[in-house]
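Enquirer: Note that the protein sequences, when read in sequence, are chains A and B.
Just so you know, we're using my numbering here: the first sequence kicks off at 12 and counts up by one.
Just so you know, we're using my numbering here: the second sequence kicks off at 12 and counts up by one.
Beta carbons are placed, not taken as given, at the ideal position from N, Cα and C, and that holds for glycine.
There are 2 protein chains.
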Amino acid sequence: MPRRSAAVDSGRRARTETPLSRDRILAAAVGLADREGIESLSMRKLAHQLGVDPMSLYNHVRDKEDLLDGIVDVVVAEIEPAANGPDWQSTLRETILAARRTLLRHPWAARVIESRAAPSPSTLRHMERVMDIVRSAGFSLDLAHHALHVLGSRVLGFSQDLFDDSEDARPDPEAAALLARQLAVSHPRLGELAAATHDGGLGGCDDDVEFAFGLDLILDGLDRRH
Amino acid sequence: MPRRSAAVDSGRRARTETPLSRDRILAAAVGLADREGIESLSMRKLAHQLGVDPMSLYNHVRDKEDLLDGIVDVVVAEIEPAANGPDWQSTLRETILAARRTLLRHPWAARVIESRAAPSPSTLRHMERVMDIVRSAGFSLDLAHHALHVLGSRVLGFSQDLFDDSEDARPDPEAAALLARQLAVSHPRLGELAAATHDGGLGGCDDDVEFAFGLDLILDGLDRRH
DNA sequence: ACCTGAACACCGTTCAAGT
DNA sequence: ACCTGAACACCGTTCAAGT
Chain A
12 MPRRSAAVDS GRRARTETPL SRDRILAAAV GLADREGIES LSMRKLAHQL
62 GVDPMSLYNH VRDKEDLLDG IVDVVVAEIE PAANGPDWQS TLRETILAAR
112 RTLLRHPWAA RVIESRAAPS PSTLRHMERV MDIVRSAGFS LDLAHHALHV
162 LGSRVLGFSQ DLFDDSEDAR PDPEAAALLA RQLAVSHPRL GELAAATHDG
212 GLGGCDDDVE FAFGLDLILD GLDRRH
Chain B
12 MPRRSAAVDS GRRARTETPL SRDRILAAAV GLADREGIES LSMRKLAHQL
62 GVDPMSLYNH VRDKEDLLDG IVDVVVAEIE PAANGPDWQS TLRETILAAR
112 RTLLRHPWAA RVIESRAAPS PSTLRHMERV MDIVRSAGFS LDLAHHALHV
162 LGSRVLGFSQ DLFDDSEDAR PDPEAAALLA RQLAVSHPRL GELAAATHDG
212 GLGGCDDDVE FAFGLDLILD GLDRRH
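Take a look at the structure:
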């Protein structure tokens, strides 16, 4: 019975609202991933949310891989181009920080980008911008190439902080202190690090500060090799 | 009928061969992932390969997440510690290259490591080694902390080359040349890069060279800030 | 041309039952 | 203590049928 009423809804929607389209599907998929996490993004749930039969999606999307390619392209296209700064460092820095801001809005996106075999059109456009900045600054083709590699995932705004530092992944203060004391026994070098941070755990660092440190270190290194 | 004979086999095995254990399960899982890829690693296939009922695994492993935690720990434990070199740079370099060699043997491992929320015991041991190298070299706690972050996934041997450069992902030469000409129209900076590489495609770079370039750039940068 | 529903071949895991 | 099988609640996708 809910089945039937859903079918009626979808019939109504198809006539009175915008019909199904690839863009509408991709937008809904991004929204679903933002709201419920990427692991909750299934063809079936996505169809349900659009008020449509699961198989209807396949008229606009080849398969789930194609859907993932599509939402990556949508997200990367959100990265706003940076204005030209006084030197290549500041333009490149702003470009990469703009990418980071976009990726922080879609926390699932970094992982999905990594899982794609090839760059999407918007990703190519973004890489082109990065290459243009360094080539215009006079980098040799070879150094520009190295730059693209060493900047790695930073080009797309994520630095691969391997473990979860997020607020809600942190234990409460006394648990963190206990952990730090235990760590100090078996892993003294990590222990002293944990003891020095604000909350006594291994997390608790400022991601923005760490990202900027790494980015500037790389920009400096490239400048010296330039 | 195959069902029944499998049950008999498993009964036989349980008496004549080593019984099921967490270690045996993890070893089989690593082997399965090595041979057929991580996407083929399911609880059901793993049980089948061990000649055992799927649910038997749950006596030694809490759930699939626990299994993934386990195989990450096994792989990272394979990283051999580096001997002390003449300076901290060479010791750290060798430690990170050792990690890279291990991760290259298990191409699926980098992605699984990234998906874990917290470092495994062997990962902590490895990070402890890295921290010990820089602290023994006189790095301040703060700089050592930054170092761990900026080295990022390189500590575990992967540099996050975002897109597939592998041999078999490369198109044939004439197709690559065509792609390069098309790229040159819409993305001139990427086009000139593609034209300059050996096969005319965007891939075709030497991953080892790129990894070493990035690693040395970071080591130099850390040295200057030291 | 687009949408649908039934069906197939998979998943991970709970639970009650066996030894 | 360990193992098992049936069962549940999911997946992605093929295919034949509808409009």
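Do the stretch 95 to 103 of chain A and the stretch 69 to 81 of chain A touch if we need at least three Cβ pairs shorter than 8 Å?
Expert: Output reads no: the stretch 69 to 81 of chain A does not touch the stretch 95 to 103 of chain A.
Enquirer: At least one CB of chain A closer than 9 Å to the CB of G163 (chain B): is that the case?
Expert: So, interface residue.
Enquirer: Could one say the Cβ of M66 (chain B) lies closer than 9 Å to chain A's Cβ atoms, at least one of them?
Expert: Cβ-Cβ to chain A under 9 Å: no for M66 (chain B).
Enquirer: Kindly indicate if chain B contains any beta-carbon less than 9 Å away from that of I124 (chain A).
Expert: At least one chain B Cβ lies under 9 Å of I124 (chain A).
Enquirer: Residues of chain B with CB closer than 8 Å to the CB of S32 (chain A), please, in chain order.
Expert: Neighbours of S32 (chain A) on chain B: none; closest Cβ ~25 Å, over 8 Å.
Enquirer: Using a Cβ-Cβ cut-off of less than 8 Å, give me the residues of the stretch 133 to 148 of chain A that come near chain B, in sequence order.
Expert: Under the 8 Å Cβ criterion, the stretch 133 to 148 of chain A contributes L135, R136, M138, E139, M142, D143, R146.
Enquirer: What's the gap between the Cα of A121 (chain A) and the Cα of P65 (chain B)?
Expert: Distance between the alpha carbons of A121 (chain A) and P65 (chain B) is about 33 Å.
Enquirer: On the premise that T113 (chain B) lies in contact with G168 (chain B), defined as a C-beta separation below 8 Å, what is that separation, rounded to the nearest angstrom?
Expert: Confirmed, about 6 Å.
Enquirer: With 16 other CB atoms within 10 Å as the buried threshold, where does R14 (chain A) fall?
Expert: For R14 (chain A), the predicted model reports a pLDDT of 30, less than 50, meaning its position is unreliable; a value from the coordinates is still stated below. The residue is exposed, with fewer than 16 neighbouring Cβ atoms inside 10 Å.
Enquirer: Just to confirm, is the Cβ distance from L201 (chain B) to E139 (chain A) under 9 Å?
Expert: Cβ distance < 9 Å, so L201 (chain B) and E139 (chain A) count as in contact.
Enquirer: Where A128 (chain A) and P182 (chain A) are concerned, what is the direct C-alpha to C-alpha distance, given to the nearest angstrom?
Expert: Going from the Cα of A128 (chain A) to the Cα of P182 (chain A) covers about 36 Å.
Enquirer: Does any C-beta atom of chain B lie closer than 9 Å to the C-beta of Q171 (chain A)?
Expert: It does; some Cβ of chain B falls within 9 Å.
Enquirer: Below 9 Å between beta carbons: does that hold for L173 (chain B) and V166 (chain A)?
Expert: The answer is yes: Cβ separation under 9 Å.
Enquirer: Let me check understanding here. Comparing Cα to Cα, which of B:R146, B:E105, B:R33, B:A109 lies closest to L79 (chain B)?
Expert: Comparing Cα-Cα distances from L79 (chain B) to each of B:R146, B:E105, B:R33, B:A109, the minimum goes to B:R33.
Enquirer: Using a Cβ-Cβ cutoff of less than 7 Å, which residues in the same chain neighbour L52 (chain A) once the five nearest sequence positions on both sides are dropped?
Expert: A40, L43, A44.
Enquirer: If you follow the alpha helix (DSSP H) that H137 (chain A) is part of, which residue opens it and which one closes it?
Expert: From DSSP, the alpha helix (DSSP H) with H137 (chain A) extends over 132 to 147.
Enquirer: So, is the C-beta of I229 (chain B) closer than 9 Å to a C-beta in chain A?
Expert: So, interface residue.
Enquirer: If the cut-off is 7 Å on Cβ atoms, which residues from the stretch 199 to 210 of chain B count as contacting chain A, listed in chain order?
Expert: Of all residues in the stretch 199 to 210 of chain B, R200, L201, E203, L204, A207 have a Cβ within less than 7 Å of some Cβ in chain A.
Enquirer: Kindly list, in the order they appear in chain A, the residues whose Cβ is closer than 8 Å to that of L152 (chain B).
Expert: Simply E203, L204, A207.
Enquirer: Can you list, in chain order, the residues of its chain with a C-beta nearer than 7 Å to that of K75 (chain B)? Leave out the 5 residues immediately preceding and following it.
Expert: If we look at K75 (chain B) and ignore the five residues flanking it on each side, its Cβ neighbours are M54.
Enquirer: By the 10 Å Cβ neighbour count, where 16 or more other Cβ atoms means buried, how is A155 (chain A) classified, buried or exposed?
Expert: A155 (chain A) is buried by the Cβ-count criterion.
Enquirer: According to the neighbour-count rule (16 or more other Cβ atoms, all chains shown, within 10 Å of its Cβ), is E221 (chain A) buried or exposed?
Expert: By the neighbour-count rule (16 or more Cβ atoms within 10 Å), E221 (chain A) is buried.
Enquirer: If you draw a straight line from the alpha carbon of P132 (chain B) to that of R146 (chain A), how long is it in whole angstroms?
Expert: Computed Cα separation, rounded: 44 Å.
Enquirer: Check the C-beta distance from L233 (chain B) over to V161 (chain A) and give it rounded, since I have them as a contact under 8 Å.
Expert: Their Cβ separation, rounded to whole angstroms, is 14 Å, which puts L233 (chain B) and V161 (chain A) out of contact at 8 Å.
Enquirer: What are the boundary residues of the alpha helix (DSSP H) that includes G81 (chain A)?
Expert: Note, G81 (chain A): alpha helix (DSSP H), 75 to 88.
Enquirer: Kindly indicate which three-state DSSP category R122 (chain B) falls into: helix, strand or coil?
Expert: Helix, per DSSP.
Enquirer: To the nearest angstrom, report how far apart R192 (chain B) and D175 (chain B) are at their CA atoms.
Expert: The straight-line gap from Cα to Cα measures roughly 20 Å.
Enquirer: If you count every other CB in all the chains shown that lies within 10 Å of the CB of E125 (chain A), and 16 or more means buried, which is it?
Expert: Flag for E125 (chain A) reads buried.
Enquirer: Whole angstroms are fine: how far does the CA of L57 (chain B) sit from the CA of H157 (chain B)?
Expert: Taking the straight line joining both Cα atoms gives about 40 Å.
Enquirer: Kindly indicate which three-state DSSP category F224 (chain A) falls into: helix, strand or coil?
Expert: In the structure shown, F224 (chain A) sits in a helix (DSSP, three-state: H, G or I).
Enquirer: Would you say R136 (chain B) and A187 (chain B) are within 9 Å of each other, going by their C-beta atoms?
Expert: In this structure, A187 (chain B) does not lie closer than 9 Å to R136 (chain B) by Cβ.
Enquirer: Tell whether a beta-carbon distance below 9 Å holds between V123 (chain B) and V83 (chain B).
Expert: Yes, Cβ-Cβ distance for V123 (chain B) and V83 (chain B) is below 9 Å.
Enquirer: So is P30 (chain B) buried or exposed if we call it buried at 16+ other beta carbons inside 10 Å?
Expert: With fewer than 16 Cβ atoms within 10 Å of its Cβ, P30 (chain B) is classed as exposed.
Enquirer: Less than 9 Å between CB atoms is the rule here; does G48 (chain B) satisfy it with respect to chain A?
Expert: Chain A contact via Cβ: absent.
Enquirer: Mind listing the chain B neighbours of H71 (chain A)? Cutoff is C-beta to C-beta under 8 Å, in chain order.
Expert: Neighbours of H71 (chain A) on chain B: none; closest Cβ ~25 Å, over 8 Å.
Enquirer: Might you give, ordered along the chain, the residues of its own chain that have their beta carbon closer than 8 Å to the beta carbon of C216 (chain A), omitting 5 neighbours on each side?
Expert: Around C216 (chain A): D176, T208.
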